[in-house]
Structures are given as C-alpha cells and as structure tokens.
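Trainee:
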Amino acid sequence: MITDLQSVISQMTLEEKAALCTGASAWSTTPVERLGVPEMIVSDGPHGVRRVPDVHSMALKSLPATCFPTASCLASTWDVDLLREMGNALAEECIALNVDVLLGPGANMKRSPLGGRNFEYFSEDPFLAGELAASLINGIQSRGVGTSLKHYAVNNQEFQRFSISAEVDERTLREIYLPAFEKAVKQAKPWTVMCSYNKINGVYGSEQHHLLTEILKEEWGFEGLVVSDWGAVHDRVAALKGGLDWEMPGPQDRRVRAVVEAVRSGQLDEALLDESVRRILRIVFKAKETPKGGAFDVDAHHELARKIAAEGMVLLKNDGLLPLKDHQHIAVIGHAAENAHFQGGGSSHINPTRVAMPFKELQARADNVELTYAEGYPTDNSFRQDMIDQAVTLAQSADVALLYIALPTFKESEGYDRTDLDLTDQQVALIKAVAKVQPRMVVVLNNGAPVAMSAWIDDVSAVLEGWMMGQAGGAAIADVLFGRVNPCGKLAETFPLKLADTPAYLNWPGGAGKVRYGEGLFIGYRYYDEKELPVLFPFGYGLSYTSFAYGNAKVSAKNFKDVNGLTVTVDVTNTGSVAGKEIVQVYVHDQKSALVRPEKELKGFAKVELQPGETKSVSIQLDFRAFAYYHPEYKQWITETGDFDLLIGASAADIRCRLTATLESTLCLPCILDMESTMREWMADPRGRQVLGALYEQIETQTRRTFGEAERYGNKKNGNEAAIGMDIMDMMVDMPVVSVLMFQQGALTMPAEEMVAGLLRQVHSTGA
Ligand code: BGC
1201 MITDLQSVIS QMTLEEKAAL CTGASAWSTT PVERLGVPEM IVSDGPHGVR RVPDVHSMAL
1261 KSLPATCFPT ASCLASTWDV DLLREMGNAL AEECIALNVD VLLGPGANMK RSPLGGRNFE
1321 YFSEDPFLAG ELAASLINGI QSRGVGTSLK HYAVNNQEFQ RFSISAEVDE RTLREIYLPA
1381 FEKAVKQAKP WTVMCSYNKI NGVYGSEQHH LLTEILKEEW GFEGLVVSDW GAVHDRVAAL
1441 KGGLDWEMPG PQDRRVRAVV EAVRSGQLDE ALLDESVRRI LRIVFKAKET PKGGAFDVDA
1501 HHELARKIAA EGMVLLKNDG LLPLKDHQHI AVIGHAAENA HFQGGGSSHI NPTRVAMPFK
1561 ELQARADNVE LTYAEGYPTD NSFRQDMIDQ AVTLAQSADV ALLYIALPTF KESEGYDRTD
1621 LDLTDQQVAL IKAVAKVQPR MVVVLNNGAP VAMSAWIDDV SAVLEGWMMG QAGGAAIADV
1681 LFGRVNPCGK LAETFPLKLA DTPAYLNWPG GAGKVRYGEG LFIGYRYYDE KELPVLFPFG
1741 YGLSYTSFAY GNAKVSAKNF KDVNGLTVTV DVTNTGSVAG KEIVQVYVHD QKSALVRPEK
1801 ELKGFAKVEL QPGETKSVSI QLDFRAFAYY HPEYKQWITE TGDFDLLIGA SAADIRCRLT
1861 ATLESTLCLP CILDMESTMR EWMADPRGRQ VLGALYEQIE TQTRRTFGEA ERYGNKKNGN
1921 EAAIGMDIMD MMVDMPVVSV LMFQQGALTM PAEEMVAGLL RQVHSTGA
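Quick note: the sequence shown, position 477, residue 1677 per the numbering used here, numbers continuous.
#1: Rounded to a whole number of angstroms, what is the C-alpha to C-alpha distance between aspartate 1823 and aspartate 1854?
#2: From glutamate 1233 to threonine 1203, what does the alpha carbon distance come to, in whole angstroms?
#3: Thinking just about the alpha-carbon of each residue, which of Thr1839, Leu1766, Leu1378 is nearest to the one in asparagine 1356?
#4: Hey, could you find the ends of the alpha helix (DSSP H) asparagine 1646 is sitting in?
#5: Rounding to the nearest angstrom, what Cα-Cα distance links lysine 1217 and glycine 1405 in this structure?
#6: Any chance you could list the beta strand (DSSP E) runs of at least 3 consecutive residues sitting entirely within the region 1507 to 1569, in chain order?
#7: With a cut-off of 8 Å, do at least 3 Cβ pairs link the region 1791 to 1800 to the region 1305 to 1320?
#8: Name the residue from Cys1857, Ala1861, Gly1888 whose alpha carbon lies nearest to the alpha carbon of cysteine 1871.
#9: In whole angstroms, give me the CA-to-CA distance for cysteine 1688 and glutamate 1782.
#10: What residue ranges within the region 1821 to 1851 form continuous beta strand (DSSP E) runs of no fewer than 3 residues, ordered along the chain?
#11: Just reading off the alpha helix (DSSP H) that histidine 1964 is part of, what are its end residues?
#12: From Val1498, Val1808, Arg1726, Tyr1725, pick the residue whose C-alpha is nearest to that of alanine 1749; which is it?
#13: Hey, would you say valine 1393 sits closer than 8 Å to leucine 1416, going by beta carbons?
#14: Whole angstroms are fine: how far does the CA of tryptophan 1837 sit from the CA of glycine 1431?
#15: For cysteine 1395, name the three-state secondary structure that DSSP assigns.
#16: Can you give the beta carbon distance from glutamate 1665 to leucine 1697, rounded, assuming they're within the 8 Å contact cut?
#17: Starting from leucine 1328 and walking both ways along the alpha helix (DSSP H), at which residues does that stretch end?
#18: Would you kindly work out how many angstroms separate the C-alpha atoms of glycine 1421 and lysine 1386, rounded to a whole number?
#19: Under the criterion of a Cβ to heavy atom distance below 7 Å, does lysine 1984 qualify as lining the ligand BGC?
#20: Pair every Cβ in the region 1827 to 1844 with every Cβ in the region 1895 to 1903, then say whether three or more of these pairs are closer than 8 Å.
#21: Please classify tryptophan 1993: does DSSP put it in a helix, a strand, or coil?
#22: Might you give, ordered along the chain, the residues of its own chain that have their beta carbon closer than 8 Å to the beta carbon of valine 1778, omitting 5 neighbours on each side?
#23: Using 8 Å for Cβ pairs, my map puts threonine 1266 next to histidine 1409. What's the rounded Cβ distance?
#24: To the nearest whole angstrom, what separates the beta carbons of lysine 1302 and arginine 1482, a pair I think is in contact under 8 Å?
#25: Tell me, to the nearest whole angstrom, how far the beta carbon of alanine 1633 is from that of isoleucine 1533; I am working on the premise that it is less than 8 Å.
#26: Whose C-beta lies closer than 6 Å to the C-beta of threonine 1767 among residues of the same chain, with five residues either side of it excluded?
#27: Can you name, in chain order, every residue of its own chain whose Cβ lies under 7 Å from the Cβ of valine 1940, other than the five neighbours on each side?
#28: Do valine 1354 and serine 1312 have their C-beta atoms closer together than 8 Å?
#29: Is it buried or exposed, alanine 1700, if we count other Cβ atoms within 10 angstroms and call 16 or more buried?
#30: Leaving out five residues before and five after proline 1523 in sequence, what residues of the same chain have Cβ atoms less than 7 Å from its Cβ?
#31: Quick check on the DSSP output: the beta strand (DSSP E) that includes valine 1784 runs from which residue to which?
#32: Over the uninterrupted beta strand (DSSP E) stretch that includes tyrosine 1750, give me the two end residues.
#33: Just to confirm my understanding: we take proline 1264, look at its own chain, exclude 5 residues before and 5 after, and list those with CB closer than 6 Å. What are they?
#34: Taking only three categories from DSSP, how would you classify tyrosine 1741?
#35: On the three-state DSSP scale, how would you describe asparagine 1401?
#36: Does the Cβ of tryptophan 1430 lie closer than 7 Å to at least one heavy atom of the ligand MN?
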C-alpha cells in the first residue's frame, strides 16, 4: 500500500500535525482517524520484546516473550548471521505481540567498564558494534518490523544521564562514538533512531542539530524518524528545529500547544514541522504493511536463545579441568545456580517465557553424578560466614566445585553506574575459601561487564564468562561445562586488571554538569595498546577446547588505491582433536600519519568452523574506511599515502601474521592553509610548498647566517656556533609563517600579515 503522504499532510490541521509529533501514550503514536492514519506501537528492546499490555502504562509487567542474551553476550559471539537470526525471531515475537517497532539495538561505546548499561551495549570497538547492530536490525526489519537504534549519541554513563554534557572533540566523535551508528544506519536503514538523554558539547541530544540533522539525516541519508528517549525533550520547539521528529512518551498537551503557537507566531517554520510529520507518517504507514497477531514458536525461540548464549560464552581460563570428565560428585555453589541471573534491570527487563535453571540443566546432563548445592552468598551486600562455611564443607567432599557467581543488580543496572569492578566481598571470600579446599574449581560468572579477578584467579582452575546470558543461558553453561558445546566466544571488550588502569579513569563520571572525554580516541584496547598496559584479558580473547594455527597470510595487492581497498587472506587450521570455531580478527596499523592514530584498529573479522585437522582459507575485505581517519580541519575522512601493516590475530594481543601494503591516496584535499598555518604545514602541503618554497629557503639561510647552527649540524656555514645554543630553525618550523616574518620585519617591504595574505591568495588560487 503506497500512501500519498503529501496529500495526507495537506489535509491535516496544524493541531493534528503537532499532535502527531508527540506520542498518544507511553508506547504509541497519535492516530488521525478521519484521515486513516493508524496508531503505531513501540516496545522495548533490545534483547527481547517488553510489550506492556496497556499502552498507557510504563510500569505494568510485560507479556511473556523470549529473553535473549544481552548485548555483551551477543557481541562475544562475533556472529553476524546468528544476530540476524535472532532479529528474525524478535520480529516474529513483535508481530505476535502487536508491536510495530522494537526499541533497540543500542550502539553506544563502552567508554568505561563502570557504565551501568554496558550490558545493553556491544563493544568498546565501533567497527564490531556497528557490524552487530546492522545485522540485528536487518534481521528484525527483513520481517517488516521496525527498530530504534539507540541512544544517539555519546550516552556512555548513567551518572546524571538526563543532564550531563559529554564534552567530546569532533574527531573522537567521528572515529569512536559515531561509526557504529553510521554503519548501522547505512547498512541496515533502521526505521527509527532514538536520541540520547544527555547533552553533547552543551546541547541536549534531543536538540542536537549537528548530530540529528547535519550528520544523521543529511550526511548519512537517514530516512526514518528520530524519536526522543523517554523524557529526553526539554524544549519541544528547539527539538523540532534540531531534527527530533517524535517526542515520547505522550500525551503531552502542553508540548503540542507550544508547537502550534510557535508556528502561529512565526517562531517555527511550518515546513519544518511538515518534514517531521512526513517522516513519522512514512514509518506509521510502513508499519501497518505487516499484519500483526498470531503466536510465536516459544520452544524454537528458547532453543535459539540457548544456541546464541552458548556461542557468546567466553572461556577465560582453563588449566585442563574443562570440559568436565568422569567426576562422581560435583559441588554446585552459588545463588545463581538455582536462580539464573540472565538479564539486567531497567527498561530492557523481559518477562521470560521460561527460564533454564543452571542447576537443573547440570542435573539433566550429568548421569551417575552426585550433584549437591550450597547457596554460598546472599543477594544483598551482607557478609554471611555461615554460608561460606557450608559451601566449603560441600566442596571438600566433592571431586570438583562449580561456583556460579552473579554480579548482583545493586551493583549493575540501568539507572546507576558501578563504582568499582569488584564482586561482593562475600563472593570473593567464598571463591578463595572454596579454592583452598578444592583446587578443581570452576568459576562461572554472570555479569554484564568486566569484573576484577586478580584477588582470586590464580587460585581457580577455570573461569567461564557466562554474561547475562538470556533465559536459556543456564542450559548453555551446562553444555559448555560438559563439552557438548566447544566454547568459541571472544571478548568484545577488554577486561582490565584494575579500575585505575581504565581509559576514562581520570575523567569519570565528571561533575558540575560536564564529563570530559579526555582520553579522546583512546578507549578500550586502543588505550591499553598505546600505554603498553598489561590487562587481565585482552579484547578479542577467548579460549576453546581445541587450538588453531594461522598460516599462509596473503594480501590481494602490495600497492593499492584507497578507493579499491584490499583483501586479506589467511589459512586457519584446527590443530586439536575436537571441532571448534575460531574468530579471526584483522587490525590495521598506519605506519605514519600527520595526526596521531591508535596503534591498531579492528577493521575486519570472520568466524570459521573447523573439524579436527581441517584447514579453511578465510578472506576479509578492507575498504577505504579501514585505512582512513577523520581530519577535523578537512572535516572529512582522509587517507594518506604510505605503508599500512595488516595484523591478523586471534585477539588484540595475539597477532599471528603481519603483512604490509602501500596505500595510494586518491584524495584531492582542499587547501586548509590559513593565517595561523606553520612553516611545517605550508611545506607539507604540495601547493603550499610550491608557493612558500623559495621564501622558506631564504628564511632558512638568513636565520642560520644570523644565529649560526648548533654543533650537531656539523656543517657550520659561517664558522659560528649557534648563538643561542640551538638550531633556531627547529623551533621556527612550528611557528606560523606570519610570526616568522614578523622577526624579519626590517628586511620586508610590506607588513608580514599582508605578505602572508598574498601567499594565501596564491595558494588558494592554485586549484584548491
Ligand atoms: C531508556 C530507553 C528505553 C525507554 C523506554 C528509557 O529510559 O533509556 O532505552 O527505550 O526508556 O522504556
């Protein structure tokens, strides 16, 4: 059904248009019945459907739906096909539950492991997060259900999340905080994008003309509608001007009236309102093309949730105890074994269709094995020595101990940030006490973000990162422990040794209304690489029950043009005795660049399944953007001619093959020389060199004649040692040409400014 939107808009009254731009309820758009404009229903998101039965209620318990693993676990699968499949399943549930748009996925970066909502986000790396978000969106939307990519943008903490201003420079914005959104928008065209609550450089996410209009809509070509996060609008008219189409939740009569009055008084151009109306109508009518109702396959979706959880678990340590073999008695310790901790608190909280309890799932797989249970720790922050003593007694009499340790909700949830990386005191004491009596011990973690382990990791045999693994995760854990599934997940975020090592440590969480992103580009592994800091587990890391060898790495061309990109190929062999999956990662290192760049950046990956002894050739494409960086003065992505290293690795810290290729930049960059440009900048620009070259030589000769040269130059043209103990040219090259000329003013026939203005006229007329 193609609706003539223009004709609908032309028949709408100003009041109807303003009302359409604000929700009718907590979860729906405002219908215009007389014109056949239906209502559209949205629901959270992102790892399940939280369909509240009454659209007027924010708080009611939602209808049962599959709780899939949360984003930290999803990301550790590095599996774009699986995320697409999950997207299909989410869409089926939306259709069954009468939901038009699912509010997710989240594509914010994990700036600090303390971020309360990190469990809802994919990664510290924008490339990985973008690929995963795009797949999930494609999966959902391919079934005619919309998504809302959130929270756009730079929404990386819960502390003062409604008001704080994230102070971030444009390059960092473009290279770190926006690319996951950009990739998802360009590759998957989400129907809606949700703005962030916070301010970005002083302007609310809901009023951000730069982000919403200039970048999202104009540069990236986003055709959908921008919705506010719930309660993120402060000034409805300013938000419309910024590019925010739809305010939620509703109803908000005062806001509607404000829009009407702003148009009547001429403060708001009606054409701007019409544009938002058009965007909303387009999505509302599109949503109605998918008939709703029916049922979804509860069993099949639970099974899919199990499969995804199993792929996302990361085996962090294994001294050989896993997979579990012929043990007669297993002591199962920890509240989370009987009470699965499979999701986080807040808006993403799903009412699951069922829950696989870890202890029961062990029982179902362990024939002729005695399984005993001790709770081990309370769910609050109290310290209970009796619970530890009981667990120790149990562990002592067993062949092996499994400790299910969940980071409690009071330490991690939407709404507040973590204050440390630690488990509770009781949990740490429990692990240490059990390890003393039972060295054959596995710690299974359920958490949404890294925890510190230095206090106990050396005492235990194995650690499995089970994440907030969704409703079927209990079964997935049992499968991995018993070797029915060979773990293959790899970390999508670094596990630091300690909080003080983390990139945002000195600038977290901010205060007085601002949080300064002082670490700039250097978040996650980009930071640890640069600082040469040891970490607990690096980005991209994860163990398997088999091993993999890499070899025969090749690059499609030794010399290539940026626009053509490259293909990297490597052979991966399963050198162990069980089938397994390996996640191959390609990082790019620019050998030389005008502006500082991270040591290496992930630009491609592939997941490959291999039988024992099998070899497969893996090819990974690298495009223009794999080599480019955002130059804030050129205001565009640029490449520089030169050598790039292509690092093929099993993790960010385990590079197996290195290749080098030479890039030829095809860009013709505009000339950005101005009154403040230094001599070095003039000489680095080919047009600048042509114009300044002769004068530069004169200045150099004159300077050396006047001041002499420092001895290290050895070549004393006038026999004098440097008059001021240094070679003054070393300093002068980084002075603006105009300032250098000021010092020569006596020898000049015109003022220095006029002279540079003349040079600038010449340089800008040379075709730039
Ligand atoms: C959250 C969003 C969520 C919305 C609706 C907000 O508080 O930040 O992620 O989609 O509520 O529940």
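Glycine included, each C-beta is placed from N, C-alpha and C at the ideal position.
Mentor: Quick answer:
#1: 23 Å
#2: 15 Å
#3: Leu1378
#4: Not the alpha helix (DSSP H): asparagine 1646 falls in the beta strand (DSSP E), residues 1641 to 1646.
#5: 23 Å
#6: If you keep only unbroken beta strand (DSSP E) runs of at least 3 residues inside the region 1507 to 1569, you get 1514 to 1518, 1529 to 1533.
#7: no
#8: Ranking the options by Cα distance to cysteine 1871, first place goes to Gly1888.
#9: 6 Å
#10: 1829 to 1831, 1836 to 1838, 1842 to 1851
#11: 1952 to 1964
#12: Val1808
#13: yes
#14: Taking the straight line joining both Cα atoms gives about 34 Å.
#15: Taken through DSSP and simplified to helix, strand or coil, cysteine 1395 comes out as strand.
#16: The pair is not a contact, with the Cβ atoms about 16 Å apart (cut-off 8 Å).
#17: 1326 to 1341
#18: 8 Å
#19: Nothing can be reported for residue 1984, as the shown portion of the chain is limited to 1201 through 1968.
#20: no
#21: Absent from the structure is residue 1993, since the part of the chain shown begins at 1201 and ends at 1968.
#22: Gly1683, Asn1686, Tyr1745, Thr1746, Pro1812
#23: Their Cβ separation, rounded to whole angstroms, is 39 Å, which puts threonine 1266 and histidine 1409 out of contact at 8 Å.
#24: Looking at the sequence shown, residue 1302 is not lysine but leucine. Between arginine 1482 and leucine 1302 the Cβ distance is about 18 Å, and since that is not below 8 Å, they are no contact.
#25: In fact, because the Cβ distance is near 10 Å, the residues do not count as touching under 8 Å.
#26: Ser1756, Ser1819, Gln1821
#27: Met1879, Ile1899, Met1932
#28: Cβ distance not < 8 Å, so valine 1354 and serine 1312 don't count as in contact.
#29: exposed
#30: Leu1681, Phe1682, Gly1683, Tyr1745
#31: 1780 to 1790
#32: Counting along the chain, the unbroken beta strand (DSSP E) around tyrosine 1750 starts and ends at 1748 to 1755.
#33: Only Asn1551, Thr1553 meet the Cβ criterion.
#34: coil
#35: coil
#36: Inclusion of the ligand MN in the displayed structure is not the case, the ligand content consisting of the ligand BGC alone.
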